[in-house]
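Numbering (our numbering), first residue to last: 282 to 573. In what follows, a structure is listed as structure tokens, so that the remarks can point back to it.
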């Protein structure tokens with residue numbers, strides 16, 4: 282399979298551009314010569330078993346994986362080209378409102394629930410590995426992901442990103458459990474909320490939605506396709522009462538920060554239980570406050 286796929290890539294595809302290169306592998310945008318369709322090509326060293334599990338998975342918050350092959354620790358993966366911009370890039374321009382933050386985190390929960398149902402743990406959840414495709418958040422990059430085996434408590438290789446990886450993941454030799462992803466998602470939630478000091482709801486302030494709206498309408502784009510998550514933060518029709526919005530958003534942020542604290546406890550046993558419990562908490566956040 283590996284040799285066949287390598288030959289297909291050599292004869293049937295062309296490289297559009299290099300997206301990322303690191304010691305363990307590379308990510309390229311490729312195009313099929315005959316059909317013109319674009320895909321993501323991943324080449325990396327390590328364990329590719331999660332990508333092979335994803336071959337049979339279809340979830341709007343995870344990329345489609347079309348082919349995955351491994352030979353002597355070298356992996357080739359062809360997956361869907363998710364068009365949009367990374368959450369990391371968008372957060373450099375402005376914070377998200379609490380309602381937008383809740384929507385994004387809930388969608389990532391849905392993708393992770395599917396991943397965990399396959400006994401897989403992502404282990405590297407961070408804004409850089411989230412793409413906003415119109416109104417959908419898509420979790421990408423499973424190079425560090427592993428299958429969770431009850432008989433093996435720790436992985437032989439420590440992987441993850443400092444600041445987002447759970448303490449036990451880095452401290453105890455790469456401990457594998459769904460709780461690692463709860464922590465990583467909590468730290469991503471923290472990055473989206475910011476420090477809370479700049480949320481005044483006024484035009485152009487971080488978190489108001491208007492700076493992000495102006496960026497999107499101006500067509501400013503990041504490392505994706507130039508669509509910059511179009512549809513996020515763009516309100517149509519008359520604006521609601523701004524005072525009511527501020528009150529509602531402050532209450533949403535307070536509840537999100539409570540969830541954040543529960544997700545990022547140092548000890549795994551004290552964290553939010555799993556993605557199902559996290560989605561339930563997100564669903565309890567008041568939906569009736571005027572916003573859009």
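C-beta: ideal position from N, C-alpha, C; glycine also. For clarity, every value in this text was computed on a predicted model and none was experimentally measured.
- Less than 8 Å divides the Cβ of residue 295 from the Cβ of residue 312.
- A residue is called buried once 16 or more other Cβ atoms fall within 10 Å of its Cβ, and residue 332 is buried on that count.
- When the five nearest sequence neighbours on each side are left out, the beta carbons in the same chain lying within less than 6 Å of the beta carbon of residue 361 are those of 344, 345, in order along the chain.
- In this model, residue 350 and residue 474 are separated by some 39 Å (Cα to Cα).
- Excluding residues up to 5 positions away in sequence, 540 lie with their Cβ nearer than 6 Å to the Cβ of residue 562 in the same chain.
- Assignment of residue 411 by DSSP, reduced to helix, strand and coil, places it in the strand class.
- Only residues of its own chain outside the window of five on either side were considered, and among them 305, 306, 354, 355, 356 have a CB closer than 8 Å to the CB of residue 326, listed in chain order.
- Around the beta carbon of residue 468, 16 or more other beta carbons sit within 10 angstroms, so the residue counts as buried.
- The beta carbon of residue 472 is closer than 7 Å to those of 372, 408 in its chain, skipping five residues each way along the sequence.
- Setting aside the 5 residues that flank it on each side, residue 547 is surrounded in the same chain by 448, each with a C-beta closer than 8 Å to its C-beta; the list follows chain order.
- Contact check for residue 286 against residue 348 passes: the beta carbons are separated by less than 8 Å.
- The beta-carbon separation of residue 461 and residue 395, rounded to 17 Å, does not stay under the 8 Å limit for a contact.
- Put simply, the backbone Cα of residue 544 is about 5 Å away from that of residue 553.
- In the DSSP assignment, no residue is bridged to residue 383.
- Exclusion of the five residues before and after residue 534 leaves 379 as the residues of its chain whose Cβ lies within less than 6 Å of its Cβ.
- Between residue 402 and residue 457, the gap from beta carbon to beta carbon is short of 8 Å.
- Residue 294 is bridged by DSSP to 313.
- DSSP places residue 541 in the helix class (H, G or I) of the three-state scheme.
- Rounded to the nearest angstrom, the gap between the Cα atoms of residue 384 and residue 282 is 39 Å.
- Counting only runs of 3+ residues, the beta strand (DSSP E) found wholly inside the segment 320-361 occupies 346-352, 355-361, in chain order.
- Boundaries around residue 417 are those of the beta strand (DSSP E), 417-420, since no alpha helix (DSSP H) includes it.
- In the three-state DSSP reduction, residue 302 falls in the strand class (E or B).
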